[in-house]
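Each remark here refers to the structure printed beneath this line.
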Amino acid sequence: MSTFQDYVDSFDNESGYLNWAAFGPLSPSVREEVFADADLLASGRPSSLALVGERIGQAQELVAELLGADAADVTLQSSSTHGLMHALFGLTGGVIASTAEFPSVSLTVERASTASQCAVTPRWITPGDGRVTPDAVTDALDDDVVALAVSHVDFRTGFRTDLAALREAIGPDRLLIVDAVQSFGVIDADYSAADVVVGHGYKWLRAGRGSAFGWFSPRARERIAPVLSGITGTTSPGLFVDELPAPAPSARAFTVSQPDTLAAGRLAIGVRDVRDAGVAAIEARLVENVDTVIEIADRHGIEVSSPRERHQRAGIVSLAPAEPGRLAAALANAGIVVTARGAAVRIAPHAGTDAASLELLDDTLRAFGNETFISA
Ligand SMILES: Cc1ncc(COP(=O)(O)O)c(C=O)c1O
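Here it is as structure tokens:
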């Protein structure tokens, strides 16, 4: 796969799949390569195992390339929540986070506080619109605050934070810990404002679960104690017995044990495909598809609660229909896969979402609107 069109053509899932913010059906290349890697592992030959083991370094290199970072500062994690645990459990001081965050952020801040006997102190903010803006953060700042933990793109509202503006709000001395699960690989962001970035492969990268990463900048490593450091995170290059080596002076300190090499391979291929297609091109097509979803919702009189401004959104369109349950049922009956939660219906297309999926959405909402009219 080399061109953007090749990438778009690789979306071979059924039309009507509009749930990329929850799970990304595995891409053909990820499927092919994981079968090949599994065959190599089945042989048991040391050379075959070593070949699959190379996936770890490949994944680190590719993630680093997309982040504009150093590969040695990228760790592979089994979930983005694991990455956030490494970042948050080792802090000392106040951590600003929104109560409305995905629990990988909020619950982890809380657990870090409990485990550290309040050395980590949550500074909860509850912005009215759920948006973590520089103003909302500035209001919560005081001398004890050492970090802000935030989702780059909110899983519910679809709001994309301005990382550079958040950095400016917290100043140069506090850590900016970013959950990039809903943006990495589809938004051409400048992550240099952040100190820690976590993400995973099972949504927008189409790489399946277990394929997460955490990037820890040199500054983050200076300030975060590697309290969850495990047997792969020490100064010892290999196995150690009868000694208890100190945590490594590198990002490796934020690892527990050997990564799953099959997961590393899936992550490497998922990121490689995105790199080859170009994140900017992916973002541009995603923007168009999100524009279309918003236009369809508007045309059928369904309220859009997620941001309309292109720079404030990514791939999530949140609808606030008058009858959410009935809308969710109508979409499911039409074979459209979305996330319906409470009063909201979340629609998440990808760059490779086909015209047929968007037409199906249009047709279903038209029929849904007419039903309301008839039964009223
Ligand atoms: C913003 C955000 N962060 C974290 C997660 C969970 O990530 P993981 O399963 O890798 O821990 C999700 C899952 O939907 C999410 O939307």
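For the sequence shown, position 346 matches number 344 in the numbering used here, and the numbering has no gaps at all. Just so you know, even glycine gets a beta-carbon here, dropped at the ideal spot from N, CA and C.
Outcome for H198 when other beta-carbon atoms lying within 10 angstroms are tallied against a minimum of 16: Stepping through the sequence shown from its first residue, residue 198 is reached at position 200. Taking all protein chains shown into account, H198 has 16 or more neighbouring C-beta atoms within 10 Å of its C-beta and is therefore buried.
Output needed for Q115: all residues of its chain with C-beta closer than 8 angstroms, excluding positions within five of it in sequence on either side, in chain order. The residue labelled residue 115 in the question sits at position 117 within the sequence shown. Excluding sequence neighbours, Q115 sits near nothing in its chain.
Measuring only the C-alpha atoms, how far is F87 from A98? Here residue 87 is taken as the residue at index 89 of the sequence shown, counted from 1. Here residue 98 is taken as the residue at index 100 of the sequence shown, counted from 1. Taking the straight line from one Cα to the other gives about 20 angstroms.
A330 in three-state terms, based on DSSP: As a position in the sequence shown, residue 330 is number 332, starting the count at 1. Residue state, collapsed to three classes: helix.
What three-state label does DSSP hand F371 in the structure shown? Against the sequence shown, residue 371 aligns to sequence position 373. Residue confidence is low: F371 scores 48 on pLDDT, short of 50, so the model does not pin down where it sits. No coordinate-derived value is stated.
Do you know offhand how far R311's Cα is from S45's? For the purposes of this step, residue 311 is taken as the residue at position 313 of the sequence shown. For the purposes of this step, residue 45 is taken as the residue at position 47 of the sequence shown. Distance between R311 and S45, taken at the CA atoms: about 46 angstroms.
When you compare each of D142, A187, S181 to A163 by their alpha carbons, which one comes out closest? On the sequence shown, position 165 is the one that residue 163 refers to. Distances from the alpha-carbon of A163 to those of D142, A187, S181 put A187 closest.
Going by CA-CA distance only, name the one from A134, I267, L64, E30 that's closest to V195. Taking the sequence shown and counting its residues from 1, one reaches residue 195 at position 197. Looking at the Cα atoms, L64 is the closest of the given residues.
Near S373, which residues of its chain fall below 8 angstroms by C-beta distance, leaving aside the five closest residues on each side in sequence? For this step, residue 373 is matched to residue 375 along the sequence shown. Per-residue confidence for S373 stands at a pLDDT of 47, beneath the threshold of 50, marking its modelled position as unreliable; the derived number appears in the next sentence. So the list is empty, once near-sequence residues are dropped.
In whole angstroms, what is the alpha-carbon distance linking F377 and L363? Nothing about residue 377 can be reported from this structure: the residues present for the chain run from -1 to 374 only.
Do A210 and ligand 1 come close, with the Cβ less than 7 angstroms from some heavy atom? On the sequence shown, residue 210 is found 212 positions in, with the first residue counted as 1. Yes, the beta carbon of A210 sits closer than 7 angstroms to at least one heavy atom of ligand 1.
Three-pair Cβ contact test at 8 angstroms for the stretch 118 to 125 versus the stretch 167 to 178: Three or more Cβ pairs closer than 8 angstroms define a contact, and the stretch 118 to 125 falls short of that threshold against the stretch 167 to 178.
Any non-hydrogen atom of ligand 1 closer than 7 angstroms to S45 Cβ: Walking along the sequence shown from the start, residue 45 turns up at place 47. Result no, Cβ not under 7 angstroms from ligand 1.
For the beta strand (DSSP E) that F87 lies in, which residues bound it at each end? Residue mapping note: residue 87 aligns to position 89 of the sequence shown, counting from 1. Per DSSP, F87 belongs to no beta strand (DSSP E); it is in the alpha helix (DSSP H), 78 to 87.
Residue from Y200, G212, G206, W202 whose Cα sits closest to the Cα of Y189: Here residue 189 refers to the residue found at position 191 of the sequence shown. Comparing Cα positions, the closest option is G212.
Residues that Q75 bridges to, as DSSP identifies them: Counting from 1 along the sequence shown, the entry for residue 75 is found at position 77. In DSSP, Q75 forms a bridge with A210.
In its own chain, which residues sit with a C-beta less than 8 angstroms from the C-beta of L161, not counting the 5 before and 5 after it? If you number the sequence shown from 1, residue 161 lands on position 163. If we look at L161 and ignore the five residues flanking it on each side, its Cβ neighbours are H150, L174, V176, A187, D188, Y189, A191, A192.
If you drop the 5 nearest sequence neighbours on each side, which residues of the same chain put their C-beta closer than 8 angstroms to that of N11? Position 13 of the sequence shown holds residue 11. The residues are P23.
With respect to 7 angstroms, is the separation between the Cβ of F182 and the closest non-hydrogen atom of ligand 1 below this value? To locate residue 182, count along the sequence shown from 1; it is residue 184. Distance from the C-beta of F182 to the nearest heavy atom of ligand 1 is not below 7 angstroms.
May I ask whether a heavy atom of ligand 1 can be found less than 7 angstroms away from the beta carbon of V291? Position 293 of the sequence shown, counted from the first residue, corresponds to residue 291. Taken from the Cβ of V291, every heavy atom of ligand 1 lies 7 angstroms or farther away.
Does the stretch 205 to 221 come into contact with the stretch 21 to 40, if we say contact requires no fewer than three beta-carbon pairs (one atom in each stretch) closer than 8 angstroms? Touching, yes.
Measuring CB atoms only, is the stretch 283 to 291 touching the stretch 333 to 352, in the sense that at least three cross pairs come out at less than 8 angstroms? Yes, the stretch 283 to 291 touches the stretch 333 to 352.
Pairs of beta-carbons, one from the stretch 246 to 262 and one from the stretch 43 to 63, closer than 8 angstroms: are there three or more? Cβ pair count under 8 angstroms is three or more, so yes.
Best match in L358, S255, S181 for proximity to L237 [C-alpha to C-alpha]: One-based indexing of the sequence shown puts residue 237 at position 239. Looking at the Cα atoms, S255 is the closest of the given residues.
Can you tell me the Cβ-Cβ gap for P305 and F157, rounded? I've got them flagged as a contact below 8 angstroms. Counting from one through the sequence shown, the residue named residue 305 turns up at place 307. Counting from one through the sequence shown, the residue named residue 157 turns up at place 159. By a beta-carbon distance limit of 8 angstroms, P305 contacts F157. Their separation comes to about 6 angstroms.
Going straight from the alpha carbon of F371 to that of H298, what length do you get? Numbered from 1 along the sequence shown, position 373 holds the residue referred to as residue 371. Numbered from 1 along the sequence shown, position 300 holds the residue referred to as residue 298. Bear in mind that a pLDDT of 48 at F371, under 50, signals an unreliable position, so the model cannot answer this.
Candidates T290, E31, A275: closest to I185 by CA position: As a working mapping, residue 185 is identified with position 187 in the sequence shown. Minimum Cα distance to I185 is reached at A275.
Starting from A147 and walking both ways along the beta strand (DSSP E), at which residues does that stretch end? As a working mapping, residue 147 is identified with position 149 in the sequence shown. Unbroken beta strand (DSSP E) run through A147: 143 to 149.
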